[in-house]
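Throughout the sequence shown, residue numbering follows this note's numbering, covering 5 to 251 in sequence.
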Amino acid sequence: MEINLTNYMTVETYENQEINDEVLRYRVYIPKVKRRKYKVFIYLHGSGERGSDNLLQIQHHAQLLNYIIDHPIYGKETIIIAPQVPEDQAWVPVEDVKQGTYVYDTNPVSPIQALFNDFLDKELERRYKVDNQFVYISGISMGGAGAIDFVTRFPGKFAACLSICGTMDLSQVKRLKRTPLWLFHSSDDPVVDYTPFKTGYEELTKIGADVMYTEFNDTGHGVWRKAYEEPGLIDWIFSKKKTMPRF
């Protein structure tokens with residue numbers, strides 16, 4: 005069932021003057037069913053949804069959030085967080101993503117990323133009743149690369165990551181090993197090169213990571229349209245639980 009996400013996701017902001025003067029704008033869905041703790045699904049939008057209206061990020065290409073909210077189980081046990089990047093900033097350098105030259109940087113690449121790092125690291129569990137064994141992250145395009153960047157930045161924080169038409173720094177694959185990944189891309193994508201995902205999947209498989217890779221050849225950059233319809237996608241996400249590392 006198609007729903008209007010603005011009716012379900014309220015407007016929120018986060019600020020921390022100790023980090024910077026930025027304002028993190030985001031939408032949040034909180035189930036009406038009361039629980040002691042909730043799963044959390046974080047959605048990162050693409051570059052075209054940047055702005056300051058706290059709206060575009062749930063208006064375009066966010067059908068997956070619709071599916072989660074409308075689900076008879078997951079919609080009752082999952083908080084959804086959908087932050088928005090200001091128009092002049094990014095989760096990761098957009099041109100580097102497009103040109104296939106993205107390199108992970110231990111330093112935040114933008115003020116909004118620095119603030120969202122702080123939100124993830126400290127504020128998320130203070131503000132909401134979070135079951136930290138079930139925190140998921142997803143994104144498309146710039147947000148798909150951003151999701152991989154945050155998994156790299158916080159190894160072991162997320163129970164799973166769904167990244168669609170994004171990219172990754174292949175020198176950092178070992179930092180991704182602890183997090184189950186499902187990567188989607190299309191070989192005819194004219195915007196973001198699919199080969200880092202394909203090669204990353206191969207490298208992660210070699211080191212025993214829990215990783216899946218689905219490649220289309222006819223969707224162009226809009227691969228999320230098919231990815232969202234992939235059988236078992238939502239069940240795969242919510243079946244994952246954060247585990248302690250083995251040494």
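Cβ atoms here follow ideal geometry from the backbone N, Cα and C, with glycine treated the same way.
Task: Runs of alpha helix (DSSP H) wholly within the segment 194-247 (minimum 4 residues, chain order) - done: 199-210, 228-231 and 237-243
TODO: Can you tell me the Cβ-Cβ gap for Q137 and K245, rounded? I've got them flagged as a contact below 8 Å.
DONE: Confirmed, about 5 Å.
TODO: Can you tell me which of the three DSSP states T156 falls into?
DONE: Under the three-state reduction of DSSP, T156 is assigned to helix.
- [ ] Quick one: grab the DSSP three-state call for F45.
- [x] strand
Task: Cβ pair Y18, L119 closer than 8 Å - done: yes
Open item on the list: I'd like to confirm the pairing. Which residues does DSSP put opposite V134 in its beta bridges?
Closed with: Y42
Open item on the list: Less than 8 Å between the beta carbons of D234 and I116, yes or no?
Closed with: Here residue 234 turns out to be Glu, not Asp, going by the sequence shown. Against a cut-off of 8 Å, the Cβ pair of I116 and E234 comes out as no contact.
TODO: Would you check if the distance between the CB atom of R31 and the CB atom of N58 is smaller than 8 Å?
DONE: Contact: yes.
Open item on the list: Contact defined as beta carbons within less than 8 Å: I believe K94 pairs with M146. What is the distance between those atoms, to the nearest angstrom?
Closed with: Position check: residue 94 holds Ala in this sequence, whereas Lys was assumed. That belief holds up - the Cβ atoms of A94 and M146 are roughly 6 Å apart, short of 8 Å.
Task: Rounded separation between L69 and I84 - CA only - done: 8 Å
Task: Assigned secondary structure, N11 (DSSP; H/G/I helix, E/B strand, else coil) - done: helix
TODO: Mind checking which residues open and close the alpha helix (DSSP H) that includes R179?
DONE: Segment V177 to L180, the alpha helix (DSSP H) holding R179.
Open item on the list: Runs of 4 residues minimum, wholly inside the segment 73-117: which ones carry the alpha helix (DSSP H) assignment?
Closed with: 78-81 and 98-103
- [ ] Look up F251 in the DSSP assignment and say whether it is helix, strand or coil.
- [x] Summary for F251: the model assigns pLDDT 37, below 50, so the residue's position carries little reliability; its value from the coordinates is reported in the next sentence. It is coil, neither helix nor strand.
Task: Length of the line joining the Cα atoms of H75 and T183 - done: 24 Å
TODO: State buried or exposed for H64, treating a residue as buried only when at least 16 other CB atoms are found within 10 Å of its CB.
DONE: Burial call: exposed.
TODO: Measure the C-alpha to C-alpha separation of P194 and K38 and round it to an integer number of angstroms.
DONE: 45 Å
Open item on the list: Tell me which residues share the same chain as F220 and place their Cβ nearer than 7 Å to its Cβ, disregarding the 5 neighbours each side in the sequence.
Closed with: Setting aside the 5 residues that flank it on each side, F220 is surrounded in the same chain by S190, V227 and K230, each with a C-beta closer than 7 Å to its C-beta; the list follows chain order.
Open item on the list: Using 8 Å as the threshold, is the C-beta distance between Y217 and T156 below it?
Closed with: No, the pair does not count as a contact, with Cβ atoms beyond the cut-off.
Task: R179 beta carbon less than 8 Å from that of P159 - done: Going by C-beta atoms, P159 is nearer than 8 Å to R179.
Task: CA nearest to the CA of W186, picked from R54, H225, D222 and S243 - done: S243
- [ ] Quickly, what does DSSP pair V139 with across the bridge? List them, please.
- [x] V44
TODO: Using the DSSP secondary-structure output, state which residues sit across from E16 in a beta bridge.
DONE: In DSSP, E16 forms a bridge with Y30.
Open item on the list: Between which residues of its own chain and Q88 is the CB-CB distance below 6 Å, once the five residues before and five after are set aside?
Closed with: R29, N58 and Q61
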